[in-house]
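Notes for the one structure printed next.
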Amino acid sequence: MSDRRRQFEALALPHLDAAYNLARWLSRSPPDADDIVQDAMLRAFRNFEQVRREDARPWLMSIVRNCCRSWAAQPHRRRDVPLGADGPELVFEGPDAEAQAVRASDARRLRATIATLPDEFRDVLILREMEDLSYREIAEVIQAPIGTVMSRLARARALLKDKWIAEENHGLR
Amino acid sequence: MACAELLQSQAFIDGELTGAEADAAERHIAGCAHCRAFSEEAAALSDEIRSYAPRYTAPDHLKLRVLEAIAAADGSASPIRRAPTWRHGLGQATRAARSRLFLGGFAGGVGLSGLAAALVVLAVLPPPPDVLADRIVRAHTEALMSGKTIEVVSSDHHTVKPWFAGKIDISPPVHDFAAEGFKLTGGRLDRVSGAPAAVVVYQHGLHEIDLFVWADRHQTLPGGAVRRGYNALCWKHRDLDYAAVSDMQASELATFANLIRTTQE
Chain A
1 MSDRRRQFEA
11 LALPHLDAAY
21 NLARWLSRSP
31 PDADDIVQDA
41 MLRAFRNFEQ
51 VRREDARPWL
61 MSIVRNCCRS
71 WAAQPHRRRD
81 VPLGADGPEL
91 VFEGPDAEAQ
101 AVRASDARRL
111 RATIATLPDE
121 FRDVLILREM
131 EDLSYREIAE
141 VIQAPIGTVM
151 SRLARARALL
161 KDKWIAEENH
171 GLR
Chain B
174 MACAELLQSQ
184 AFIDGELTGA
194 EADAAERHIA
204 GCAHCRAFSE
214 EAAALSDEIR
224 SYAPRYTAPD
234 HLKLRVLEAI
244 AAADGSASPI
254 RRAPTWRHGL
264 GQATRAARSR
274 LFLGGFAGGV
284 GLSGLAAALV
294 VLAVLPPPPD
304 VLADRIVRAH
314 TEALMSGKTI
324 EVVSSDHHTV
334 KPWFAGKIDI
344 SPPVHDFAAE
354 GFKLTGGRLD
364 RVSGAPAAVV
374 VYQHGLHEID
384 LFVWADRHQT
394 LPGGAVRRGY
404 NALCWKHRDL
414 DYAAVSDMQA
424 SELATFANLI
434 RTTQE
């Protein structure tokens, strides 16, 4: 293996899960997320020399995000899978089967609700809550000032809360 | 926005503030009903997301695909220029990488570089079980085709077992089961998907059996598998992985594997 490839794999592979998670939430399609991540990794491989190790994650996420956008502009992309309906199986512990079922159904609804957020709010929320990126890193990913990150994040949270409450009321009816 | 300090309050709960800024934000949240409600909700939402909407993790097949694609791109002299067509371009790159991986050893043309790439890729990442079954059977058939299945010829386990010492950092179990119909004939070094493996070779009638033994890398083994007419049986024992491969019937191979396993109890 070339030194170049070895360096790249050491730099980028630790962030493969993060890349996939973002691609998955933005594309909402497992097969398309696969393609997006592969394309992003190849693009990254072609010019990773200028990236410092500590900046690797936001840099890679930014490429993934750009790839998601190119993908979204493709006419022949696959259609979304039912929003957030799939995902890692969650096991809720506890003696009460009914309570467990309620929590499992909450989990599905929460994922579905996140999936309905507009793209520009969904990505900052995913980057913050799932990837634990700092404001500065998120700003790097979305190529916007930190102030924009802060306002979008606040908006994302407010939207999610409203949608969640609406969902719950709908569920109760 | 109801409070001009809202974004600052949010920055506080997101752990973005330190020192005096953090103190000021905390005091503000304590005194501002709007920011307090927002902060509590945002923190609760954050907890909910973390426990109810966990991250997706990259599936194994994707990891393998990415490594193959990078290996393929690395192998080409100049960066691949690709039209921005997702499926078409990617499919080709993947196919190119795959064909190098899976056919390289036999096809000759891309031979060495393709195979070397495959070994390196797989050393980085343990393959999923069905791919591993392919690799094991291929290692067996390649040895058969090259005519070099045995590097140390001996039916004496006191000769075969020490032969491995110093050549590989594991010591495989070596027993002769001639009385049971499985005659020890020797051993060789080989690789299973990139990992060095000791191979103990047995003869059963006209059938040759390879017992691959390699250090456990926490990969999932296929159990039993049939590939191109060859049977493979895999198991783990302590910190070693085992795979018996042969063109014998599966039931005969199971008998052989059981003989080995009885020595491990």
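Note that the protein sequences, when read in sequence, are chains A and B. All the letters of the first sequence, read from the start, carry residue numbers 1 to 173 under my numbering. All the letters of the second sequence, read from the start, carry residue numbers 174 to 438 under my numbering. Cβ coordinates follow ideal geometry from the N, Cα and C atoms, glycine included.
In this structure, DSSP gives Pro-14/A a helical state, which the three-state scheme calls helix.
With respect to chain B, the C-beta atom of Asn-21/A has a partner C-beta closer than 8 Å.
Contact between Leu-426/B and Cys-407/B does not hold, since the beta-carbon distance rounds to 11 Å and is not under 8 Å. Under the Cβ criterion (8 Å, minimum of three pairs), the stretch 141-154 of chain A does not count as touching the stretch 191-210 of chain B.
Here the alpha carbon of Arg-65/A sits roughly 50 Å from the alpha carbon of Phe-337/B.
From the listed residues Lys-356/B, Thr-332/B, Ala-316/B and Arg-400/B, the smallest Cα separation to Leu-305/B is found for Arg-400/B.
Your pair Ser-328/B and Leu-362/B does not check out as a contact, with CB atoms roughly 19 Å apart and the cut at 8 Å.
Met-421/B is the residue among Met-421/B, Lys-409/B, Asp-414/B and Gly-396/B whose C-alpha sits nearest the C-alpha of Gly-402/B. With contacts defined by Cβ atoms closer than 8 Å, Leu-179/B and Lys-161/A do not form a contacting pair. About 18 Å separates the CB atoms of Val-239/B and Leu-26/A; that is not less than 8 Å, and the two are not in contact.
In this structure, the beta-carbon distance from Arg-136/A to Leu-153/A does not fall below 8 Å.
Annotation for Asp-307/B: the continuous alpha helix (DSSP H) segment containing it runs 302-319. According to DSSP, Leu-406/B shares a beta bridge with Gly-397/B and Ala-417/B. Residue pairing of Ala-338/B in beta bridges, as defined by DSSP: Ile-341/B.
Looking at the DSSP output, Leu-384/B shares a beta bridge with Val-373/B and Ala-417/B. Under the 8 Å criterion on CB atoms, Ser-134/A is classed as interfacial with respect to chain B. Secondary-structure assignment with DSSP links Leu-153/A through no beta bridge to anything. With a threshold of 8 Å between beta carbons, Val-239/B makes contact with chain A. Its chain contains no residue whose beta carbon lies nearer than 6 Å to that of Asp-119/A once the 5 sequence neighbours on both sides are disregarded.
Rounded to the nearest whole angstrom, the C-alpha separation of Ala-23/A and Ala-398/B is 34 Å. Beta bridge pairing from DSSP links Val-347/B with no other residue.
At a cut-off of 8 Å between beta-carbon atoms, Ile-114/A makes contact with chain B.
Residue contact check for Leu-190/B against chain A: no CB pair falls below 8 Å. In the DSSP assignment, Asp-389/B falls outside any alpha helix (DSSP H) and carries neither an H nor an E. When DSSP states are grouped into helix, strand and coil, Asp-363/B belongs to the strand group. Residue burial annotation: Ile-126/A is buried, with at least 16 other C-beta atoms found within 10 angstroms of its C-beta. Around Val-141/A, no beta-carbon contact reaches into chain B at under 9 Å, the shortest distance being about 15 Å. Listed by position along chain A, the residues whose Cβ is nearer than 9 Å to that of Gln-183/B are Met-150, Leu-153, Ala-154 and Arg-157. Residues of chain A whose Cβ lies closer than 9 Å to the Cβ of Ala-198/B do not exist, since the nearest Cβ in that chain is about 13 Å away. The DSSP-derived three-state label of Phe-8/A is helix.
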